[in-house]
Each structure stands twice: as C-alpha cells, then as structure tokens.
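Each step along the sequence shown adds one to the number in the working numbering, with nothing skipped, and position 19 is 869. Beta carbons are placed, not taken as given, at the ideal position from N, Cα and C, and that holds for glycine.
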Amino acid sequence: MSSSISLAKGLEFDTVIVPDAQTEIYPATLLVRRCLYTAISRIMHKVTVVGQETITELLAPLAAQIQEV
851 MSSSISLAKG LEFDTVIVPD AQTEIYPATL LVRRCLYTAI SRIMHKVTVV
901 GQETITELLA PLAAQIQEV
C-alpha cells in the first residue's frame, strides 16, 4: 500500500519507506519535523530511508542506526 504522510496519521505499517530524505526536500522546520515524525512513527517492523547527498539533519539522532549503501 502506498500512502502520503498526511494520510498515514493514525495508521500502522509493517514497512515504511521515506523517499528523498535529503535536506532540500526535508529542511529543518517544525512542519517537516512533524511530518517525518508521523512517517517514522507509523512503522511496526522496518523503516527504509532513501536519499541522495546529505540526509536531512532531522534524522541526525538516528544516524548511528542508518546504514549507507
């Protein structure tokens, strides 16, 4: 199932993919922080974060758990 972040609120998913997680798409603003929180807090098992260049600083607390490929 594919869903936007705004439609995912209140739902849970086995796997969540956060595409284009670079700073240009997810700047460090309160609104974007809330959207990322909603996306990442919907997972039950696995989250995949995909981005080019520098991943948004909003995900810095998770940096130790992010695996670069």
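Straight-line Cα distance separating residue j from residue i
i, j, result
"residue 898", "residue 887", "14 Å"
"residue 890", "residue 868", "8 Å"
"residue 875", "residue 861", "23 Å"
"residue 872", "residue 863", "23 Å"
"residue 895", "residue 866", "9 Å"
"residue 912", "residue 906", "11 Å"
"residue 892", "residue 903", "25 Å"
"residue 877", "residue 917", "21 Å"
C-beta neighbour in chain B for residue i, strict 8 Å
i, result
"residue 893", "Among the chains in the structure shown there is no chain B, since it carries only a single protein chain."
Residue i: first and last residue of the uninterrupted beta strand (DSSP E) it sits in
i, result
"residue 900", "Looking at the DSSP string, residue 900 is not in any beta strand (DSSP E), and its letter there is neither H nor E."
Whole runs of the alpha helix (DSSP H) within the segment 858-885, excluding any shorter than 4 residues
none
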